[in-house]
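Read through the structure below, which is laid out as structure tokens, and then see the notes.
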Amino acid sequence: MFARYDMAKDVIAVLEEYTGRIQYKRYTVPGIKDLPVASKILLNQRGCDLVIALGMPGPKAYDKVSAKTASEGLMQVQLTTEKHILEVFIHEDEGLEDDTYLKEIMQDRARSHAQNAVYLLLDPQKLTDMAGQGIRQGYPDARPVY
Amino acid sequence: MFARYDMAKDVIAVLEEYTGRIQYKRYTVPGIKDLPVASKILLNQRGCDLVIALGMPGPKAYDKVSAKTASEGLMQVQLTTEKHILEVFIHEDEGLEDDTYLKEIMQDRARSHAQNAVYLLLDPQKLTDMAGQGIRQGYPDARPVY
Amino acid sequence: MFARYDMAKDVIAVLEEYTGRIQYKRYTVPGIKDLPVASKILLNQRGCDLVIALGMPGPKAYDKVSAKTASEGLMQVQLTTEKHILEVFIHEDEGLEDDTYLKEIMQDRARSHAQNAVYLLLDPQKLTDMAGQGIRQGYPDARPVY
Amino acid sequence: MFARYDMAKDVIAVLEEYTGRIQYKRYTVPGIKDLPVASKILLNQRGCDLVIALGMPGPKAYDKVSAKTASEGLMQVQLTTEKHILEVFIHEDEGLEDDTYLKEIMQDRARSHAQNAVYLLLDPQKLTDMAGQGIRQGYPDARPVY
Amino acid sequence: MFARYDMAKDVIAVLEEYTGRIQYKRYTVPGIKDLPVASKILLNQRGCDLVIALGMPGPKAYDKVSAKTASEGLMQVQLTTEKHILEVFIHEDEGLEDDTYLKEIMQDRARSHAQNAVYLLLDPQKLTDMAGQGIRQGYPDARPVY
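Chains as they are written, first to last, in the numbering used here: chain E, 15 to 160; chain X, 15 to 160; chain C, 15 to 160; chain P, 15 to 160; chain S, 15 to 160.
Here it is, written out as structure tokens:
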């Protein structure tokens, strides 16, 4: 979608570290509500095993509703294809008045999700090892409860 | 639907610039919640490859709920047909007290979405080239993050 | 459903003007959330081509949620049957403290939707001719934007 | 579910008045969100024609969301099985601070829905005869509009 | 998911009391919205009969929306597989400022749901015997209505 920063480049940077083990395709759509059908086409028609859906919903109430509808669609696509879609939505109003900080958040979150995608595909045990540690994408991690 | 301005005429004006490459059908319904089944009929029974769904939800809380339900339906249709539907909803209360401005917004948004529809069908790379630029339909564009 | 006024009689009055061209069946259910499955049975098992779903949700928050769930169900039925359902819900709290006015609204809305149902079945071009005129059911029409 | 009063006993009392014409099965689940799949199993695998889903959602915001999700699930089950499910949810905060009154409400609503279930199965015309009279379950009836 | 405490260990502790009668698999995902497709894979592809879905949604409005979307997905999976999924979500803001108390809640709720899972699989009559007693997981029980 026409977000203000092209997170796809960060995702691609991570995926290219796994050249030979992971291939990728890029499908750009006009808005976040167009992501689910694009994901379905990638998973069902174009041989993909996982989708990373990148979007930047706007700040208005209507944009929040659109993001919810998009999420519901991405959920449905996962359930009918039985393949994972990792949703990476950066909300424009995540307290992000500072462009430099916004860009850092977007980069970090895009890269973390891309890394999780790689684990789901190539090394799922890695995710179990990380469970219960309060690790988050693009935010300070929460502390674990001992 | 019985909106106050017939956006379909603007959509048709764009599509007619592509005569010979794109054909279109028009299907008018009484209300926005009738759009999803009409879209399904166009995509599943009448040979269409993409739908542009035009609607103008009213200003009341109930109208917002109807718009959400319509959106959810349009999402479902896309996922079962694996074809894009571009939703163009103009909310009557988008700060649009001025009829002249309202008409301009509606025209601009209808035409932009029609242009995106053409790109999705004929030149999808064009959308990738535009990614990350903060371009929006019917609003001043957001500025990109450098 | 057990609404305070039986809108079905007004719908039937309109449909009977088309005797010979339109046949109808009536299916009464206890509550609005029972409408979707009844509609599915009419469209899928009993040979109907269109349903007019009449309901009068109550005024409480919980009733609003029920109305939304019912709407979502009616949407799903339309999409799986590829047939129209016209939803005619009169909310008890539509500023309608006056019983005489309430009855007029209910009659007008039931009849308008019945007329639209007839157009969808027999004369869909009629709806296109009416597009962009801001015509509404059971309210003063919105004025068109010139 | 583990509600504070076992409404199933009232439902069973009504159904036993129709011994020989109606048979029933009971399926208890831990929480309201477990009702939809239990209903699907009863309708799809165990030969039932209708389900009465009894639940008592808690008073918190999260409980309201759970009740909505449960309702949506019950709706989906109805649409795929094309059989009725009557949802009988008593919200703990329906202004019911008085246990005696709460119990009366629960009994009345459980019995009314059980009676409606019987009508749907054995005598659907009865429901049409009652339409437009403003009859409600577990509340004073609304008055009809003349 | 990367919650702050690994509830899966408590679930496993309960399940291991039934060694020989119950087998289990663990599937860790990055976030709560990834739970539904993982559940579908476990139920549809990997021979499981029931899923216990453990998650700890964050405290923000957006996290609440994600939890709702995840719940809706878990509901859909149950309905298409006709198998139970017990959802165990601990909301970070359940009035739980005290880590010791939070851990107790999480342990208690995880174990109670695991026990219910066992009853659903091995001894469903046990759940009927407990109905109407106001028993809750991870909270003081509500008192029954006599």
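Even glycine gets a Cβ: it sits at the ideal position worked out from N, Cα and C.
Expressed to the nearest angstrom, what Euclidean distance is found between the alpha-carbon atoms of residue i and residue j?
{"i": "Ser80(C)", "j": "Pro71(C)", "result": "8 Å"}
{"i": "Lys74(E)", "j": "Glu106(E)", "result": "9 Å"}
{"i": "Ile97(C)", "j": "Asp63(X)", "result": "Checking the sequence shown, residue 97(C) turns out to be Lys, not Ile. Straight-line Cα distance between these residues: approximately 20 Å."}
{"i": "Val132(C)", "j": "Asp122(C)", "result": "15 Å"}
{"i": "Gln92(C)", "j": "Leu93(P)", "result": "11 Å"}
{"i": "Leu136(P)", "j": "Lys54(C)", "result": "19 Å"}
{"i": "Thr114(P)", "j": "Thr33(P)", "result": "30 Å"}
{"i": "Asn130(S)", "j": "Tyr38(S)", "result": "15 Å"}
{"i": "Leu116(X)", "j": "Met120(E)", "result": "34 Å"}
{"i": "Asp143(X)", "j": "Ala22(E)", "result": "12 Å"}
{"i": "Leu134(X)", "j": "Ile26(X)", "result": "16 Å"}
{"i": "Asn58(S)", "j": "Met89(S)", "result": "15 Å"}
{"i": "Glu30(X)", "j": "Ala124(X)", "result": "14 Å"}
{"i": "Gly61(C)", "j": "Thr95(P)", "result": "18 Å"}
{"i": "Asp155(E)", "j": "Glu118(E)", "result": "Because Asp155(E) carries a pLDDT of 49, less than 50, the predicted location of this residue cannot be relied on, and no value is offered for it."}
{"i": "Asp112(S)", "j": "Ala128(P)", "result": "46 Å"}
{"i": "Val28(X)", "j": "Lys78(E)", "result": "29 Å"}
{"i": "Ile104(E)", "j": "Ile36(S)", "result": "42 Å"}
{"i": "Asp24(X)", "j": "Asp24(C)", "result": "38 Å"}
With distances taken between CB atoms, is the gap from residue i to residue j smaller than 8 Å?
{"i": "Gly69(X)", "j": "Ile46(X)", "result": "yes"}
{"i": "Ala145(S)", "j": "Asp20(P)", "result": "yes"}
{"i": "Val65(S)", "j": "Leu141(E)", "result": "no"}
{"i": "Leu56(S)", "j": "Tyr41(S)", "result": "yes"}
{"i": "Gly87(C)", "j": "Pro138(C)", "result": "no"}
{"i": "Thr83(C)", "j": "Ser126(P)", "result": "no"}
{"i": "Leu67(P)", "j": "Val102(P)", "result": "Note that residue 67(P) is Ala in the sequence shown here, rather than Leu. Yes, the Cβ-Cβ distance between Ala67(P) and Val102(P) is below 8 Å."}
Give the DSSP-derived three-state secondary structure of residue i in the structure shown.
{"i": "Ile104(X)", "result": "coil"}
{"i": "Gly152(X)", "result": "Its pLDDT being 48, under 50, Gly152(X) is placed unreliably in this model, and the value from its coordinates should be taken loosely. Three-state result, Gly152(X): coil."}
{"i": "Ala22(C)", "result": "helix"}
{"i": "Pro67(S)", "result": "Note that residue 67(S) is Ala in the sequence shown here, rather than Pro. Of the three classes helix, strand and coil, the one that applies to Ala67(S) here is strand, per DSSP."}
{"i": "Tyr160(S)", "result": "With a pLDDT of only 49 at Tyr160(S), under the threshold of 50, the placement of this residue in the model should not be trusted, and no figure is reported."}
{"i": "Ala81(S)", "result": "helix"}
{"i": "Ile119(C)", "result": "helix"}
{"i": "Ile55(E)", "result": "helix"}
{"i": "Ile36(P)", "result": "coil"}
{"i": "Glu31(C)", "result": "coil"}
{"i": "Phe16(E)", "result": "Because the pLDDT of Phe16(E) is 39, which lies under 50, any placement of that residue in the model is unreliable, and the question is left without a value."}
So, does the CB of residue i fall closer than 8 Å to a CB anywhere in chain B?
{"i": "Ile66(C)", "result": "Chain labels in this structure do not include chain B; the protein chains are E, X, C, P and S."}
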